[in-house]
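Novice: Before anything else, here's the structure in question.
Residue numbers (the UniProt record's numbering): 1 to 492.
Put into structure tokens, the structure is as follows:
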């Protein structure tokens, strides 16, 4: 086949129908996208003066044509394009860019798509500051993802990124490029599907050998997309989820100028553990309310747990002379959860932690800290007792890592919880902030063979911790912090 650029320059119609006007994008890998005029849609008008029928070219519909660029004779591009067309053929949603047609011209497959003249959200990188517009973006994209993930069978996009979110003529943000999409649990033959995509936006689990398609991978990519829109850069560099998987580091801090609930949403989406990420449906509901997570009107938990805690809290309220409220406050739910946590048996502890996890997802700092205290690096007898009840193994006394959990997952969870407290920085809890940041610093500065040493990060955390400790008048903690800072400075 002739070079596509030569066809465009010569004015010859592509496949006898499309006049190629200019390139819109070239991903450097598999395809070029051209702006084209569909000559079949040009109106013909009778002119009385000329006594002839003339064509009004400006009446024709402009489309985007994605033309495959074969790599070699064994390339599977034709099937890949066919799959891209078929996988969303029956999908109809305002936040999805659905291909119009698939065909093959002179041996080269191509797709015809609607032309979105306003471009992609790539142009918004580092510029998304308006809260209302940010929630609209989140609402549109999560709505499209929720539709895909609820489809039967579930469709996983696998390449969510700013460049694949277009702004259509109706002002909707819409997902495009289904070239590597697949159904849940399935991988297509013919190309390395699990490694296809843009690495900077690929979820960590996609780098595991046993990976199978799951909607949670799209959520991580969406989180990386939102992170870039706020900061102008991807969260874990060009290696994306692989860097997070190998380093075990928490999500890098998000600027305080970003609304707190959106920061929380981004952090949750980028969780290393897929099960901790919100679903697209949950994100969509949050966007509709303009707050993440949506404000609960009661206790949304499994029946047995809810009944237990509700009974405990109501009993407490009765003792204090209060009547049963229509809706329990965060503090009242927290008090009930802590009764379970401190009950001294594994079942109650687990139920209490489940409630704290639900409460912590709303940004309630005491709930986050009690979870971190349970899973974190503490020699405190209460923390150690909780770990033993949960069956969490710890490094033995007499080692640098004494009382540190041996589980990578548990340690990562604790660091994530401490980091959430750091991000929220709720001034109502200076004592918790001080202790959480001090404990987080320990992971970076205390001698151990588990975590990579980062004295610069550790010193910054200690300085922040000292500020909070001064506010709450905790002189004992302030003294420990100052000794830690002096020790780091003497090492230079």
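C-beta atoms are modelled at their ideal positions from N, C-alpha and C, and glycine is treated no differently.
The model shown is predicted, which means the values in this text are computed figures rather than measured ones.
#1: Going by beta carbon distance, what residues of the same chain come within less than 8 Å of residue 359, once the five residues before and after it are set aside?
#2: Expressed to the nearest angstrom, what Euclidean distance is found between the alpha-carbon atoms of residue 153 and residue 144?
#3: Rounding to the nearest angstrom, what Cα-Cα distance links residue 382 and residue 219 in this structure?
#4: Between which two residues does the beta strand (DSSP E) harbouring residue 23 extend?
#5: Enumerate in chain order the residues of its own chain whose CB-to-CB distance from residue 474 is below 7 Å, with the five nearest sequence positions on each side excluded.
#6: Quick check on residue 408: buried or exposed, where buried means 16 or more other Cβ atoms within 10 Å of its Cβ?
#7: Got a sec, what are the start and stop residues for the beta strand (DSSP E) residue 101 sits in?
#8: For the candidate residues 158, 173, 213, whose alpha-carbon lies nearest to that of residue 200?
#9: Applying the 10 Å Cβ sphere with the 16-neighbour rule, what's the burial state of residue 92?
#10: Whole angstroms are fine: how far does the CA of residue 339 sit from the CA of residue 482?
#11: What's the call for residue 452, buried or exposed, on a 16-neighbour Cβ count within 10 Å?
#12: Check whether the stretch 244 to 257 and the stretch 413 to 420 touch, using three or more Cβ-Cβ pairs below 8 Å as the test.
#13: So, helix, strand or coil for residue 34, using DSSP?
#14: Would a C-beta distance cut-off of 9 Å place residue 271 and residue 254 closer than the cut-off?
#15: Are the Cβ atoms of residue 494 and residue 221 separated by less than 9 Å?
#16: Where does residue 417 fall in DSSP's three states?
#17: Let me know if residue 278 comes out buried or exposed under the rule of 16 or more other beta-carbons within 10 Å of its beta-carbon.
#18: Nearest to residue 174 by alpha carbon, out of 94, 489, 374, 104?
#19: Grouping DSSP H, G and I as helix and E and B as strand, with all else coil, what is residue 149?
#20: Which residues does DSSP pair with residue 43 in a beta bridge?
#21: Tell me, please, whether the stretch 394 to 402 touches the stretch 257 to 266 by the rule of three or more beta-carbon pairs shorter than 8 Å.
#22: When the Cα atoms are used, what is the spatial distance from residue 127 to residue 164?
#23: Where does residue 134 sit, in a helix, a strand or coil, going by DSSP?
#24: Give me whichever residues DSSP pairs with residue 222 in a beta bridge.
#25: Quick one: measure Cβ to Cβ for residue 455 and residue 488, integer angstroms, because I've assumed they're closer than 8 Å.
#26: How many Å lie between residue 106 and residue 12 at the Cα?
#27: Using CA coordinates, which residue listed in 354, 436, 97 is at the minimum distance from residue 169?
#28: Alpha carbon to alpha carbon, how far is residue 242 from residue 480? Give it in angstroms, no decimals.
#29: Name the two residues that bound the continuous alpha helix (DSSP H) containing residue 341.
#30: Using a 10 Å radius around the Cβ and a threshold of 16 neighbouring Cβ atoms, would you call residue 6 buried or exposed?
#31: Are residue 104 and residue 63 closer than 9 Å when you measure CB to CB?
#32: If you reduce the DSSP assignment to three classes, tell me which class residue 12 lands in.
#33: May I ask you to list the residues that DSSP assigns as paired with residue 66?
#34: Quick check on residue 282: buried or exposed, where buried means 16 or more other Cβ atoms within 10 Å of its Cβ?
#35: Please classify residue 396: is it buried, with 16 or more other beta-carbons within 10 angstroms of its beta-carbon, or exposed?
Specialist: Walking through what the data contain:
#1: The residue labelled residue 359 in the question sits at position 359 within the chain shown. Only residues of its own chain outside the window of five on either side were considered, and among them 330, 333, 334, 337, 367 have a CB closer than 8 Å to the CB of residue 359, listed in chain order.
#2: As a position in the chain shown, residue 153 is number 153, starting the count at 1. As a position in the chain shown, residue 144 is number 144, starting the count at 1. The straight-line gap from Cα to Cα measures roughly 15 Å.
#3: By 1-based counting over the chain shown, the position of residue 382 is 382. By 1-based counting over the chain shown, the position of residue 219 is 219. Straight through space, the alpha carbons of residue 219 and residue 382 are spaced by roughly 36 Å.
#4: For the purposes of this step, residue 23 is taken as the residue at position 23 of the chain shown. Residues 18 to 26.
#5: In the chain shown, residue 474 corresponds to position 474, counting from 1. Here the set comprises 431, 434.
#6: Residue 408 sits at position 408 when you count from the first residue of the chain shown. Residue environment: residue 408 is assigned as exposed (fewer than 16 neighbouring CB atoms within 10 Å of its CB, all protein chains considered).
#7: Taking the first residue of the chain shown as position 1, residue 101 is located at position 101. 101 to 105 is the extent of the beta strand (DSSP E) around residue 101.
#8: Here the question's residue 200 lines up with position 200 in the chain shown. If we check each option's Cα against that of residue 200, 158 comes out closest.
#9: On the chain shown, position 92 is the one that residue 92 refers to. Exposed is the call here.
#10: Stepping through the chain shown from its first residue, residue 482 is reached at position 482. Stepping through the chain shown from its first residue, residue 339 is reached at position 339. Straight-line Cα distance between these residues: approximately 35 Å.
#11: In the chain shown, residue 452 corresponds to position 452, counting from 1. Exposed, since its Cβ has fewer than 16 Cβ neighbours within 10 Å.
#12: Touching, yes, given that three or more Cβ pairs across the two stretches are closer than 8 Å.
#13: Translated into the one-based positions of the chain shown, residue 34 becomes position 34. Here residue 34 carries a strand assignment [DSSP, helix/strand/coil].
#14: For the purposes of this step, residue 271 is taken as the residue at position 271 of the chain shown. For the purposes of this step, residue 254 is taken as the residue at position 254 of the chain shown. Cβ atoms of residue 271 and residue 254: not closer than 9 Å.
#15: No information on residue 494 is available, as it lies outside the stretch 1 to 492 that the chain covers here.
#16: For this step, residue 417 is matched to residue 417 along the chain shown. Per DSSP, reduced to three states, the secondary structure at residue 417 is helical.
#17: Within the chain shown, residue 278 is the residue found at index 278, counting from 1. Within a 10 Å sphere around the beta-carbon of residue 278 sit 16 or more other beta-carbons, which makes this residue buried.
#18: Start at 1 with the first residue of the chain shown, and residue 174 comes out as number 174. From the listed residues 94, 489, 374, 104, the smallest Cα separation to residue 174 is found for 94.
#19: Residue 149 sits at position 149 when you count from the first residue of the chain shown. Residue 149 carries a helical assignment under DSSP once its states are collapsed to helix, strand and coil.
#20: Taking the first residue of the chain shown as position 1, residue 43 is located at position 43. 56, per the DSSP bridge assignment.
#21: These segments do not touch.
#22: Along the chain shown, one-based indexing puts residue 127 at 127. Along the chain shown, one-based indexing puts residue 164 at 164. It is roughly 17 Å from the alpha-carbon of residue 127 to the alpha-carbon of residue 164.
#23: For the purposes of this step, residue 134 is identified with residue 134 of the chain shown, where counting begins at 1. Correct three-state label for residue 134: helix.
#24: To locate residue 222, count along the chain shown from 1; it is residue 222. For residue 222, which the question treats as bridged, DSSP gives no partner whatsoever.
#25: Locating residue 455 in the chain shown gives position 455, counting from the first residue. Locating residue 488 in the chain shown gives position 488, counting from the first residue. Contact flag correct, Cβ pair sits at about 5 Å.
#26: Here residue 106 corresponds to residue number 106 of the chain shown, with the count starting at 1. Here residue 12 corresponds to residue number 12 of the chain shown, with the count starting at 1. Going from the Cα of residue 106 to the Cα of residue 12 covers about 14 Å.
#27: As a first step, residue 169 is located in the chain shown; it is residue number 169 there, counting from the start. Of the listed residues, the one whose Cα sits closest to residue 169 is 97.
#28: Taking the first residue of the chain shown as position 1, residue 480 is located at position 480. Taking the first residue of the chain shown as position 1, residue 242 is located at position 242. In a straight line, the C-alpha of residue 480 is about 36 Å away from that of residue 242.
#29: The residue you call residue 341 lines up with position 341 of the chain shown. According to the DSSP assignment, residue 341 belongs to the alpha helix (DSSP H) that extends over 330 to 341.
#30: Taking the first residue of the chain shown as position 1, residue 6 is located at position 6. Its Cβ having fewer than 16 others within 10 Å, residue 6 is exposed.
#31: Taking the first residue of the chain shown as 1, we reach residue 104 at position 104. Taking the first residue of the chain shown as 1, we reach residue 63 at position 63. With a cutoff of 9 Å on beta-carbon distance, residue 104 and residue 63 are scored as not near each other.
#32: Mapped onto the chain shown, residue 12 falls at position 12. Collapsing the DSSP output to three states places residue 12 in coil.
#33: For the purposes of this step, residue 66 is taken as the residue at position 66 of the chain shown. Looking at the DSSP assignment, residue 66 forms a beta bridge with 33, 111.
#34: As a first step, residue 282 is located in the chain shown; it is residue number 282 there, counting from the start. Flag for residue 282 reads buried.
#35: Taking the chain shown and counting its residues from 1, one reaches residue 396 at position 396. Its Cβ having fewer than 16 others within 10 Å, residue 396 is exposed.
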